[in-house]
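Structure first, then comments.
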Amino acid sequence: MAESPEGIGPLPPARPLDSIDQDILRMLQADGRASVRSVADRVHVSRANAYARINRLVEDGVIRGFGARVDHERAGHSTSAYITLKIVQNTWRTVREQLRQLPGASHIALVGGDFDVLLLVHTPDNRALRELVLTRLQAIPEVLSTRTLLVFEEEDLEPQR
């Protein structure tokens with residue numbers, strides 16, 4: 213059984229999603245503030261049915277939360293970078309917890325290939341990025357090496373409707 217992202221306990225086994233569940237997910241990805249009524253109207257179910265389905269998707273861990281898509285540059289974080297890390301074998305959980313604490317960390321992935329971890333960060337400027345990499349990341353004992361890939365331009369893809 214998978215662990216909940218909050219570490220509260222195990223998630224229930226994943227249930228199959230039907231076409232209505234998929235439509236609800238697409239709608240909420242496009243507009244996380246959509247009302248239950250508008251969701252129900254768009255997928256042609258009752259409000260009670262839509263409400264129950266959304267709650268089930270949350271309880272099952274399919275929907276992990278609701279949030280805003282942020283333009284990082286306009287929010288004062290004009291420097292973005294992907295940072296690859298090689299780490300000591302079997303230290304993923306320890307490293308992940310330390311990476312979660314980094315200011316500007318946006319995405320963390322354990323990957324296979326020439327490096328072990330891919331980290332996306334958004335910082336106010338190059339000086340803050342340098343500080344993050346040279347002082348914070350390289351101070352983690354389990355991090356063997358890093359490589360920084362500066363992002364020149366980025367775009368979050370909108371969900372398919």
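Okay, so the sequence shown: first residue is 213 according to my numbering, each after it adds one.
Using N, Cα and C, we set each Cβ at its ideal position, and we do this for glycine too.
Computed from a predicted structure; not experimentally measured.
Please state the DSSP three-state secondary structure of I320. strand
Here's the rule I'm using: 16 or more other beta-carbon atoms within 10 Å means buried, otherwise exposed. How should T335 be labelled? buried
So, is D326 buried or exposed, given that buried needs 16 or more other C-beta atoms within 10 angstroms? exposed
Spatial distance of S318 from D253 (CA atoms): 34 Å
For L363, count neighbouring Cβ atoms within 10 angstroms of its own Cβ and tell me buried if that reaches 16, exposed if not. According to the sequence as given, residue 363 is Val; it is not Leu. Burial call: exposed.
First through last residue of the alpha helix (DSSP H) which encompasses S231: 231-242
Report the residue ranges of all beta strand (DSSP E) runs contained in full by the stretch 284-353; include only those spanning at least 3 residues, in chain order. 291-299, 317-322, 329-335
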